[in-house]
Amino acid sequence: MDGWNHSVVSEFVFLGLTDSWEIQLLLLVFSSVLYLASMTGNILIVFSVTTDPHLHSPMYFLLAGLSFTDLGACSVTSPKMIYDLFRKCKVISFGGCIAQIFFIHVVGGVEMVLLIAMAFDRYVAICKPLHYQTIMSPRMCLLFLAAAWALGVSHSLFQLAFVVNLPFCGPNVLDSFYCDLPRLVRLACMDTYRLQFMVTVNSGFICVGSFFTLLISYIFILFTVWKHSSGGSSKALSTLSAHVTVVLLFFGPTLFVYTWPHPNSQMDKFLALSDTVLTPFLNPVIYTFRNKEMKAAMKRVCKQLVMYRKISQ
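Going by the working numbering, the letters in the sequence shown line up with residues 456 to 768, in that order.
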């Protein structure tokens, strides 16, 4: 840990999303509304799955885990970004920057594993419906959840190992609105070409591997349904389109940022904004829009909250 002592930079300066005050005001309204909607929607899903007996199944357990992760995803960078839209000088402390990087990669790793677990759940429901309860037991669901968090934390610690001994002795301006590991590495007072390559390979390999695992599993599921069409399979398949949409929303920006050989600052900002603000908002919308059970449970929860509020008054 002696490397921390080599860093004379105590804070980093964000250039933000744009210099235009008009666009910043528009982004302030847009981001604030989506952040509040994301928090409300994901909290409602977690609360509904936890309290409603009709939703005590593996699919909804994993969905609640994904919504809980989305709460973290939109809270790591969005509040700071919204706050900075009010400020002309956008700064973050060295420790705050490292904390942002840590939690961004934790949340990203957890979400990848949960998406794979949800794809496996749909595979079992469609391809092995008679063994669904046996395979997707509560123990299996807890194992998936534990593996997701273990991988997320270990991946994030491995990423931080790249920067813990880097000397930051001069440049401290990040052309972004949050602390991004590849950009932070470029500010180090040394030749970091090989280190940048290692960071890209580490995150890129996990992203690409997870994405193709999901892609292959969905192709296999679709082939199985096409080969053995049935009413039960059709019902299970109705939730598959939502999974595919969420996977594309999550992996699209991530794959571009960590695997594209010629990074573009404005494009990276747009994709990062989509990943941190829009995707956590769309996830609960997508999963509840075509799910009658979830919509009914959320209505029951809202009615209970209204009744409780009336009684308390």
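A virtual CB, placed ideally from N, CA and C, is assigned to each residue, including glycine.
Extent of the continuous beta strand (DSSP E) run through residue i
| i | result |
| --- | --- |
| Lys583 | Note, Lys583: premise wrong, no beta strand (DSSP E); not H, not E. |
Residue(s) in a DSSP beta bridge with residue i
| i | result |
| --- | --- |
| Gly467 | First, the residue type needs correcting, since residue 467 is Phe and not Gly in the sequence shown. Answer by DSSP bridge pairing, in chain order: Ile547. |
| Val628 | Val468 |
Counted within 10 angstroms of its Cβ, other Cβ atoms place residue i as buried (16 or more) or exposed
| i | result |
| --- | --- |
| Lys747 | exposed |
| Met762 | exposed |
| Asp723 | buried |
| Lys754 | exposed |
| Pro626 | exposed |
| Cys591 | Looking at the sequence provided, one finds Met at residue 591 rather than Cys. The residue is buried, with at least 16 neighbouring Cβ atoms inside 10 Å. |
| Val463 | exposed |
| Thr506 | exposed |
| Val640 | buried |
| Thr647 | buried |
| Ser696 | exposed |
| Pro593 | exposed |
| Leu629 | buried |
| Leu597 | exposed |
| Ile766 | exposed |
| Asn460 | Confidence at Asn460 is low in this model, with a pLDDT of 44, below 50, so its placement is unreliable and no value can be given for it. |
| Ser609 | exposed |
N- and C-terminal bounds of the alpha helix (DSSP H) containing residue i
| i | result |
| --- | --- |
| Gly520 | Pro513 to Val531 |
| Phe613 | Pro593 to Leu615 |
| Phe623 | Segment: none, Phe623 is in no alpha helix (DSSP H) and carries neither H nor E. |
| Val640 | Leu636 to Arg641 |
| Val484 | Trp476 to Thr506 |
Cβ-Cβ distance between residue i and residue j below 7 angstroms
| i | j | result |
| --- | --- | --- |
| Pro784 | Ala528 | Absent from the structure is residue 784, since the part of the chain shown begins at 456 and ends at 768. |
| Val702 | Leu733 | no |
| Cys662 | Gln555 | no |
| Gly607 | Val565 | yes |
| Ala752 | Leu510 | yes |
| Ser665 | Met567 | yes |
| Val561 | Thr524 | no |
| Ser486 | Ala574 | no |
| Leu517 | Ala572 | yes |
| Leu540 | Gln479 | yes |
| Ile559 | Val531 | yes |
| Cys544 | Phe467 | no |
| Leu621 | Ala643 | yes |
Nearest-angstrom Cα separation, counted from residue j out to residue i
| i | j | result |
| --- | --- | --- |
| Leu737 | Val699 | 13 angstroms |
| Met456 | Pro584 | For Met456, the predicted structure reports a pLDDT of 41, less than 50, and the residue's modelled location is therefore unreliable. A value from the coordinates is still provided. So the alpha carbons of these two residues sit roughly 52 angstroms apart. |
| Lys750 | Thr743 | 6 angstroms |
| Gly458 | Asp576 | Unreliable positioning characterises Gly458 in this predicted model, as indicated by a pLDDT of 44, which lies under 50. The coordinate reading is nonetheless provided below. For Gly458 and Asp576, the distance between alpha carbons rounds to 44 angstroms. |
| Met653 | Gln759 | 51 angstroms |
| Leu677 | Gly520 | 25 angstroms |
| Tyr436 | Ser631 | This structure does not reach residue 436, given that the chain is present from 456 up to 768, and the question cannot be answered. |
| Ser493 | Val504 | 17 angstroms |
| Pro637 | Gln651 | 6 angstroms |
| Val501 | Phe705 | 20 angstroms |
| Phe549 | Pro508 | 45 angstroms |
| Ile537 | Trp681 | 47 angstroms |
| Phe711 | Ser533 | 20 angstroms |
| Ile674 | Phe660 | 21 angstroms |
| Gln614 | Ser475 | 34 angstroms |
| Leu470 | Ser611 | 25 angstroms |
| Leu491 | Leu728 | 15 angstroms |
| Val618 | Ala602 | 25 angstroms |
| Phe725 | His586 | 44 angstroms |
| Phe667 | Leu483 | 36 angstroms |
| Ser658 | Thr709 | 9 angstroms |
| Tyr578 | Thr679 | 9 angstroms |
| Thr495 | Gly707 | 24 angstroms |
| Val546 | Ile741 | 35 angstroms |
| Thr473 | Leu481 | 11 angstroms |
| Phe557 | Val488 | 26 angstroms |
| Cys757 | Ser465 | 46 angstroms |
| Ala616 | Lys535 | 25 angstroms |
| Cys582 | Phe623 | 53 angstroms |
| Ser512 | Thr731 | 28 angstroms |
| Leu600 | Ser522 | 13 angstroms |
| Glu477 | Arg649 | 40 angstroms |
| Arg445 | Ala580 | Residue 445 lies beyond the range of the chain shown here (456 to 768); nothing can be said about it. |
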